[in-house]
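Just so you know, the sequence shown maps onto residues 58 to 198 in this note's numbering.
From the three backbone atoms N, C-alpha and C, an ideal C-beta is built for every residue, glycine too.
Predicted model only: the values in this text are computed from it and were never measured.
Below you'll find the structure, written out as structure tokens, and then a few comments.
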Amino acid sequence: MNIATAKEQIKDTVEAYLQRDDAGMYVIDPARQRPMFLVGAPGIGKTAIIEQIAQELEIGVVSYSMTHHTRQSALGLPRIVHRSFEGFDYDASEYTMSEIVSAIYDYMERSGERRGILFLDEINCVSETLYPSMLQFLQFK
Numbered sequence: 058m059n060i061a062t063a064k065e066q067i068k069d070t071v072e073a074y075l076q077r078d079d080a081g082m083y084v085i086d087p088a089r090q091r092p093m094f095l096v097g098a099p100g101i102g103k104t105a106i107i108e109q110i111a112q113e114l115e116i117g118v119v120s121y122s123m124t125h126h127t128r129q130s131a132l133g134l135p136r137i138v139h140r141s142f143e144g145f146d147y148d149a150s151e152y153t154m155s156e157i158v159s160a161i162y163d164y165m166e167r168s169g170e171r172r173g174i175l176f177l178d179e180i181n182c183v184s185e186t187l188y189p190s191m192l193q194f195l196q197f198k
């Protein structure tokens with residue numbers, strides 16, 4: 058597949074994912090939308106394609122390099138919280154916001170844009186321990 062064809066297929070998919078019906082609901086439920094993986098040699102233009110598509114569709118783009126991330130930085134840090142249930146007190150774990158999600162919120166606050174593309178660059182470079190967590194993150198956005 059050449060770059061122009063890849064770009065058109067990606068753009069068509071993003072447009073389909075962003076399409077809403079008359080009631081304002083997504084035609085393709087976000088829970089059913091699947092990530093796209095761009096594979097190619099460094100410098101081939103994967104990032105440029107995503108940026109061009111975002112510009113053409115007038116949506117935002119957050120490009121986030123995955124090169125040096127750990128499970129904690131990508132998915133959040135655990136913390137202990139105190140809770141009560143039916144008179145019983147207990148401690149539980151919950152997670153802080155991941156740096157990836159935080160970057161999205163920061164972008165939305167700065168730009169005012171609410172629609173866009175999250176481009177996880179160099180995802181093939183994540184550690185083996187992070188890979189299963191990243192797949193879960195991508196599947197359940």
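Pairing residue 177 with residue 58, the inter-Cα distance amounts to about 21 Å.
Residue 173 is bridged by DSSP to 117. For the segment 73-123, the full-length alpha helix (DSSP H) segments reaching 4 residues or more read 103-114 along the chain.
Taken through DSSP and simplified to helix, strand or coil, residue 183 comes out as coil. Nearest neighbour of residue 170 by Cα position, chosen from 183, 111, 121, turns out to be 111. With distances taken between CA atoms, residue 67 lies nearest to 114 out of 114, 151, 135, 139.
When the beta-carbon positions are compared, residue 133 and residue 164 stay at least 8 Å from each other. Under the 8 Å Cβ criterion, the segment 121-133 counts as touching the segment 173-189, having at least three qualifying pairs.
Inter-residue distance for residue 150 and residue 128 is about 16 Å (C-alpha atoms, whole angstroms).
One thing to note: residue 98 has its Cβ no nearer than 8 Å to the Cβ of residue 85. In this structure, 109 is the residue among 109, 79, 87 with its C-alpha nearest to the C-alpha of residue 63.
For residue 151, the enclosing beta strand (DSSP E) starts and ends at 145-152. Secondary structure note for residue 155: it is in no beta strand (DSSP E), with a DSSP letter that is neither H nor E.
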